[in-house]
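*Asks:*
There are 2 protein chains.
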Amino acid sequence: MTASTRLDHATALDGGDPLGAFVGAFVADDPHLVYFDGNSLGRLPRRTVDALARVVHEEWGGELVRGWDHWIDLPTAVGDRLGAAVLGAGPGQVVVCDSTTVNLFKLAAAALDARAGRGVVVTDDANFPTDRYVLEGLARTRGLTVRMVATDPVHGIDPEAVSAAMDADVGLATFSHVDYRSGAVADVETLTAIAHRAGALTLWDLSHGAGAVPATLDGWGVDLAVGCGYKYLNGGPGAPAWLYVGRALQDGLVPPVWGWFGQTDQFAMGPTYRPAPGIRRWLAGTPPVLGLVAVDHGVALLRDAGMARVRAKGLALTSYAATLAEAWLVPLGFHVGSPADPARRGSHLALHHQEAYRLGRALREADVVPDHRPPDLLRIGLAPLSTRYAEVWEGMDRIRRLAEEQAWRRYDPSPGRVT
Amino acid sequence: MTASTRLDHATALDGGDPLGAFVGAFVADDPHLVYFDGNSLGRLPRRTVDALARVVHEEWGGELVRGWDHWIDLPTAVGDRLGAAVLGAGPGQVVVCDSTTVNLFKLAAAALDARAGRGVVVTDDANFPTDRYVLEGLARTRGLTVRMVATDPVHGIDPEAVSAAMDADVGLATFSHVDYRSGAVADVETLTAIAHRAGALTLWDLSHGAGAVPATLDGWGVDLAVGCGYKYLNGGPGAPAWLYVGRALQDGLVPPVWGWFGQTDQFAMGPTYRPAPGIRRWLAGTPPVLGLVAVDHGVALLRDAGMARVRAKGLALTSYAATLAEAWLVPLGFHVGSPADPARRGSHLALHHQEAYRLGRALREADVVPDHRPPDLLRIGLAPLSTRYAEVWEGMDRIRRLAEEQAWRRYDPSPGRVT
Numbered sequence: 002m003t004a005s006t007r008l009d010h011a012t013a014l015d016g017g018d019p020l021g022a023f024v025g026a027f028v029a030d031d032p033h034l035v036y037f038d039g040n041s042l043g044r045l046p047r048r049t050v051d052a053l054a055r056v057v058h059e060e061w062g063g064e065l066v067r068g069w070d071h072w073i074d075l076p077t078a079v080g081d082r083l084g085a086a087v088l089g090a091g092p093g094q095v096v097v098c099d100s101t102t103v104n105l106f107k108l109a110a111a112a113l114d115a116r117a118g119r120g121v122v123v124t125d126d127a128n129f130p131t132d133r134y135v136l137e138g139l140a141r142t143r144g145l146t147v148r149m150v151a152t153d154p155v156h157g158i159d160p161e162a163v164s165a166a167m168d169a170d171v172g173l174a175t176f177s178h179v180d181y182r183s184g185a186v187a188d189v190e191t192l193t194a195i196a197h198r199a200g201a202l203t204l205w206d207l208s209h210g211a212g213a214v215p216a217t218l219d220g221w222g223v224d225l226a227v228g229c230g231y232k233y234l235n236g237g238p239g240a241p242a243w244l245y246v247g248r249a250l251q252d253g254l255v256p257p258v259w260g261w262f263g264q265t266d267q268f269a270m271g272p273t274y275r276p277a278p279g280i281r282r283w284l285a286g287t288p289p290v291l292g293l294v295a296v297d298h299g300v301a302l303l304r305d306a307g308m309a310r311v312r313a314k315g316l317a318l319t320s321y322a323a324t325l326a327e328a329w330l331v332p333l334g335f336h337v338g339s340p341a342d343p344a345r346r347g348s349h350l351a352l353h354h355q356e357a358y359r360l361g362r363a364l365r366e367a368d369v370v371p372d373h374r375p376p377d378l379l380r381i382g383l384a385p386l387s388t389r390y391a392e393v394w395e396g397m398d399r400i401r402r403l404a405e406e407q408a409w410r411r412y413d414p415s416p417g418r419v420t
Numbered sequence: 002m003t004a005s006t007r008l009d010h011a012t013a014l015d016g017g018d019p020l021g022a023f024v025g026a027f028v029a030d031d032p033h034l035v036y037f038d039g040n041s042l043g044r045l046p047r048r049t050v051d052a053l054a055r056v057v058h059e060e061w062g063g064e065l066v067r068g069w070d071h072w073i074d075l076p077t078a079v080g081d082r083l084g085a086a087v088l089g090a091g092p093g094q095v096v097v098c099d100s101t102t103v104n105l106f107k108l109a110a111a112a113l114d115a116r117a118g119r120g121v122v123v124t125d126d127a128n129f130p131t132d133r134y135v136l137e138g139l140a141r142t143r144g145l146t147v148r149m150v151a152t153d154p155v156h157g158i159d160p161e162a163v164s165a166a167m168d169a170d171v172g173l174a175t176f177s178h179v180d181y182r183s184g185a186v187a188d189v190e191t192l193t194a195i196a197h198r199a200g201a202l203t204l205w206d207l208s209h210g211a212g213a214v215p216a217t218l219d220g221w222g223v224d225l226a227v228g229c230g231y232k233y234l235n236g237g238p239g240a241p242a243w244l245y246v247g248r249a250l251q252d253g254l255v256p257p258v259w260g261w262f263g264q265t266d267q268f269a270m271g272p273t274y275r276p277a278p279g280i281r282r283w284l285a286g287t288p289p290v291l292g293l294v295a296v297d298h299g300v301a302l303l304r305d306a307g308m309a310r311v312r313a314k315g316l317a318l319t320s321y322a323a324t325l326a327e328a329w330l331v332p333l334g335f336h337v338g339s340p341a342d343p344a345r346r347g348s349h350l351a352l353h354h355q356e357a358y359r360l361g362r363a364l365r366e367a368d369v370v371p372d373h374r375p376p377d378l379l380r381i382g383l384a385p386l387s388t389r390y391a392e393v394w395e396g397m398d399r400i401r402r403l404a405e406e407q408a409w410r411r412y413d414p415s416p417g418r419v420t
């Protein structure tokens, strides 16, 4: 065993971790649990426990409907704080609302309205399913074509392939910042510029990166973006998502869902919808107060840590996990499916193994929680704020042990497995 | 003072109230508060405080992503329980998700797709703003016409006026079960039959009645319905809403928002969207777990109480408030804007007064919380499970005292007031 694969090396890394104190900011009652899935559902911040108890008892229970005097500002206020701390977005451009899927729908529909006459939507074949489905649905309703850019399974979106897919028929190009499978980070600025040169608008999904990989939405010149609230933002299961509309576009886009929270003078309850100025028109129905408060507290932790330090730790964690994987797991039949250059990957590591499904079941019983994506992928998610190096060591060690004993043989094959 | 306007009469009514014990099932820390707005945001059930604390700490904090093993069923399971306890809907037809506005959009868009070629949507001019705005938005995108049926300000929708508005051009008719201003209850069964005779589909908004006025969605032959989770269902601020699709229509309607939670085999993450069978296709993005749990507990209280008893108490409360209003407030310049027949009104009473806005401000300072709707309406919402007769007496008495002293003179006129 080399120095870098010994537990005391992990312990030393934790000792020198400038964000080490943040690990204790999260609820972690089970000391045996190795949680490699903060990229799917982020851990519970301790401060959120108290905040939710307070909003439930004092605000809902005590203020009752009077709470709307301040709740009404939450979607835009939390959006502004999220924009500043995490997204590189100036105020008045981010709102927290609805789900990622509904936000994708709203923004894609409005973008296609603004590029009426262009019959093609471009995305990539590795984009997250709900992104592809939303575009497919809009395309069917409107008689458009979805043009799929082929991606590299490890390195993701190739700018040259996107260039080749762009022409004057393309109204909208939609990609993810971080590939949900390989973790490859797309070059948002370059791809946005390519789309703009063809006259298309861009809609970026930051779900798999926001809160782990810094974003500069304003600086990159992104038109539209969405992302989810429950991964690295730690907003809890089914937390509201967010959306971004760059200021230059705000007056020109009309949401497809005309709701009372997006109306100019909501409580006049007048006869005709007039979209609110600015970002507020993207609200539709009544926003989820508990989820908004939880997202706000998750964002506050990221603000306190600073995205530069968060990214540095995320890079170090994935590099460390990759080192252990190369040393221990590749000899056992695994291969690493994430970019070798840490700067090109997000905060999770893709491990491929033909028995990934059954191994995932064995890992769960051994209190290691990664996730499995068919057919052969284990994702090792390493949320920077809540993950210790020693936890990475422990989890990788348990994967190694279970793989050595071929623990998958104790489980039935995946019911959906194509053999 | 007659017997029926004396406080001891209210106390006697509370003593004989078969649902009296339910009042104590809600958090009510401020004994001086009179809450007349449970029709806007329902009170907090005590059981929900514990349930949310548990789901936050034990499930999110402890189970983490493994919670999805059971959370995944919440939208349909809570929908089934809501359907059985409150909506008169058999299993597999109700799902709890998104906001009322987004659900209205999804169902109206799908219904219009199913009646393609029909260029008219019918609604009424007193329908809730977000309902009208959603239809207006869909109509503009699709080149349709919204045909507004004129309503009576007290008695709401006239079936003859709806009959006159229906013809072979109408694809969809959308109304509210309970008028959000007057409280008038629409005859859902008759209006649905009128729409069906013209070949149109119906979409009902039950937001202002569900949990107070019994519904029989299956028995009435309703095609589609939506409603909110935070009024009489007591799901908390911004709780998820629900939607209903009658079984006969389920295979024929395709949602406009194609999301991964509505996909047949969600976690296969395959290349093409295939809408899930049954009600699940109406899910789009990740459902809000905290809100779902809160709605579930609100529904459980209604199930325990039984909608027949809930309705009986609601009728008695609004009748009692109307008696006090006639005795005390009409002589002071108020008039009651709800139907005189209690069976034709929901669980709130409309009180009109030309100084309603400023009086509402004075009431808030006197710890009475009704709500104000422009230009001249105070709504006295009387949530059956959480309201005592003595609270009604106390609130009406405070309104009387403030009106007698013309307390509105202490406040500035409404900034939006048309004088």
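Chains B and E supply the protein sequences, listed in that same order.
All residue numbers for the first sequence refer to this note's numbering, where the first residue is 2 and numbers rise by one.
All residue numbers for the second sequence refer to this note's numbering, where the first residue is 2 and numbers rise by one.
Beta carbons are placed, not taken as given, at the ideal position from N, Cα and C, and that holds for glycine.
I believe G228 (chain E) touches W243 (chain E) by the beta-carbon criterion, under 8 Å. Please report the beta-carbon distance rounded to the nearest angstrom.
*Replies:* Indeed they touch by this definition, with Cβ atoms about 6 Å apart.
*Asks:* Nearest by alpha-carbon distance to H473 (chain B): which of E:W61, E:E59, E:A54, E:V121 is it?
*Replies:* The structure shown does not extend to residue 473 (chain B), since chain B is modelled only from 2 to 420, so the question has no answer here.
*Asks:* So V421 (chain E) and L234 (chain E) are supposed to be a Cβ contact under 8 Å. How far apart are they, rounded?
*Replies:* Residue 421 (chain E) falls outside the range modelled here, since chain E spans only 2 to 420, and no answer is possible.
*Asks:* Quick one: does H58 (chain B) have its CB under 8 Å from some CB of chain E?
*Replies:* True, the Cβ-Cβ gap to chain E drops below 8 Å.
*Asks:* Answer with buried or exposed for T421 (chain E), where buried requires no fewer than 16 other C-beta atoms within 10 angstroms of its C-beta.
*Replies:* No answer is possible for residue 421 (chain E): it lies beyond the span of chain E, which begins at 2 and ends at 420.
*Asks:* Who are the Cβ neighbours of G220 (chain B) in its own chain at under 8 Å, not counting the five residues just before and after it?
*Replies:* Here the set comprises G89, E190.
*Asks:* Can you name the residues of chain B whose CB is closer than 9 Å to the CB of Q264 (chain E)?
*Replies:* Within chain B, the residues near Q264 (chain E) are P130, T131, Y134.
*Asks:* Between the stretch 26 to 39 of chain B and chain E, which residues of the former have CB atoms less than 7 Å from a CB of the latter, in chain order?
*Replies:* Of all residues in the stretch 26 to 39 of chain B, V28, D30, D31, Y36, D38 have a Cβ within less than 7 Å of some Cβ in chain E.
*Asks:* Would you decide whether S5 (chain E) is buried or exposed? Buried here means 16 or more other CB atoms lie within 10 Å of its CB.
*Replies:* S5 (chain E) comes out exposed.
*Asks:* Give me, in chain order, the residues of the same chain whose beta-carbon lies closer than 8 Å to that of A201 (chain B); leave out the 5 immediate sequence neighbours on both sides.
*Replies:* If we look at A201 (chain B) and ignore the five residues flanking it on each side, its Cβ neighbours are R116, R119, V123, M167, V171, G172, L173, A174.
*Asks:* Check whether the Cβ of G91 (chain E) lies closer than 8 Å to any Cβ atom in chain B.
*Replies:* For G91 (chain E), the answer is no, since every Cβ of chain B falls outside 8 Å of its Cβ.
*Asks:* Would you list, in chain order, the members of the stretch 39 to 52 of chain B that have their beta-carbon closer than 8 Å to a beta-carbon of chain E?
*Replies:* The residues in question are S41, L42, R44, L45, T49, V50.
*Asks:* Using the Cα positions of G247 (chain B) and Q94 (chain B), report the straight-line distance between them to the nearest angstrom.
*Replies:* Straight-line Cα distance between these residues: approximately 6 Å.
*Asks:* Assuming the contact rule is C-beta atoms closer than 8 Å, P215 (chain E) and A111 (chain E) should be a hit. Round their C-beta distance to whole Å, please.
*Replies:* Not really, about 27 Å apart at Cβ, beyond 8 Å.
*Asks:* Would you mind giving the Cβ-Cβ distance between Y231 (chain B) and H209 (chain B), rounded to the nearest angstrom? I have them listed as a contact below 8 Å.
*Replies:* With a Cβ gap of about 12 Å, Y231 (chain B) and H209 (chain B) do not count as contacting.
*Asks:* Taking the CB atoms as reference points, tell me whether G372 (chain E) and D132 (chain E) lie closer together than 8 Å.
*Replies:* Inspection of the sequence shows that residue 372 (chain E) is occupied by Asp rather than by Gly. No, the pair does not count as a contact, with Cβ atoms beyond the cut-off.
*Asks:* If you measure from the beta carbon of T1 (chain B) to each beta carbon in chain E, is any gap under 8 Å?
*Replies:* Residue 1 (chain B) falls outside the range modelled here, since chain B spans only 2 to 420, and no answer is possible.
*Asks:* With H, G and I counted as helix, E and B as strand and the rest as coil, what does DSSP make of P130 (chain E)?
*Replies:* If DSSP states are grouped into helix, strand and coil, P130 (chain E) belongs with the helices.
*Asks:* Report the residues of the stretch 220 to 243 of chain E with a CB closer than 8 Å to any CB of chain B, ordered along the chain.
*Replies:* Listed in sequence order: C229, Y231, G237, P238, G239, A240, P241, A242.
*Asks:* For V121 (chain E), list the residues DSSP reports as bridge partners.
*Replies:* Paired residues: E:T146, E:V171.
*Asks:* What residues in its chain sit with their C-beta under 7 Å from that of Y274 (chain E), if we drop five residues either side in the sequence?
*Replies:* Closer than 7 Å at Cβ, skipping near neighbours: W259, Q264.
*Asks:* Which residue wins for smallest C-alpha separation from P272 (chain B), given the options E:D15, E:F129, E:A196, E:A169?
*Replies:* For the residues E:D15, E:F129, E:A196, E:A169, the minimum Cα distance to P272 (chain B) belongs to E:F129.
*Asks:* Identify which residue in B:G347, B:P278, B:L378 has its Cα closest to the Cα of A357 (chain B).
*Replies:* For the residues B:G347, B:P278, B:L378, the minimum Cα distance to A357 (chain B) belongs to B:L378.
*Asks:* Give me the residue from E:G237, E:M270, E:G16, E:A211 with the minimum Cα distance to R304 (chain E).
*Replies:* Out of E:G237, E:M270, E:G16, E:A211, E:A211 has the C-alpha closest to the C-alpha of R304 (chain E).
*Asks:* Output needed for M270 (chain B): all residues of its chain with C-beta closer than 8 Å, excluding positions within five of it in sequence on either side, in chain order.
*Replies:* If we look at M270 (chain B) and ignore the five residues flanking it on each side, its Cβ neighbours are W261.
*Asks:* With D99 (chain B) and P241 (chain B) assumed to form a contact (beta carbons below 8 Å), what rounded beta-carbon distance in angstroms separates them?
*Replies:* Their Cβ separation, rounded to whole angstroms, is 6 Å, which keeps D99 (chain B) and P241 (chain B) in contact under 8 Å.
*Asks:* What beta strand (DSSP E) runs, 3 residues minimum, are completely inside the stretch 328 to 389 of chain E?
*Replies:* The stretch 328 to 389 of chain E contains these whole beta strand (DSSP E) runs: 349 to 353, 372 to 374, 378 to 382.
*Asks:* If you compare alpha carbons, which of E:A301, E:P154, E:P289 is closest to R47 (chain E)?
*Replies:* Checked all of E:A301, E:P154, E:P289; the closest Cα to R47 (chain E) is E:A301.
*Asks:* What are the uninterrupted segments assigned as alpha helix (DSSP H) that are 4 or more residues long and contained completely in the stretch 262 to 322 of chain B, given in chain order?
*Replies:* Fully enclosed alpha helix (DSSP H) runs of 4 or longer: 290 to 306.
*Asks:* With 8 Å as the threshold, decide whether the Cβ of I400 (chain E) is near any Cβ in chain B.
*Replies:* I400 (chain E) does not count as touching chain B.
*Asks:* Helix, strand or coil: how does DSSP classify A4 (chain B) here?
*Replies:* Looking at A4 (chain B) - three-state DSSP - the assignment turns out to be helix.
*Asks:* Can Y245 (chain B) and L284 (chain B) be called in contact, C-beta distance under 8 Å?
*Replies:* Not closer than 8 Å, so no.
*Asks:* So is W261 (chain B) in contact with chain E if we call contact Cβ pairs under 8 Å?
*Replies:* For W261 (chain B), the answer is yes, since a Cβ of chain E falls inside 8 Å of its Cβ.
*Asks:* What are the residues in the stretch 379 to 398 of chain B lying within 8 Å of chain E by C-beta distance?
*Replies:* Answer in chain order: no residues at all.
*Asks:* Residues of chain E with CB under 7 Å from F106 (chain B), in chain order?
*Replies:* Under the 7 Å cutoff, chain E gives V258.
*Asks:* Would DSSP call V258 (chain E) helix, strand or coil?
*Replies:* Note: V258 (chain E) maps to coil in three-state DSSP.
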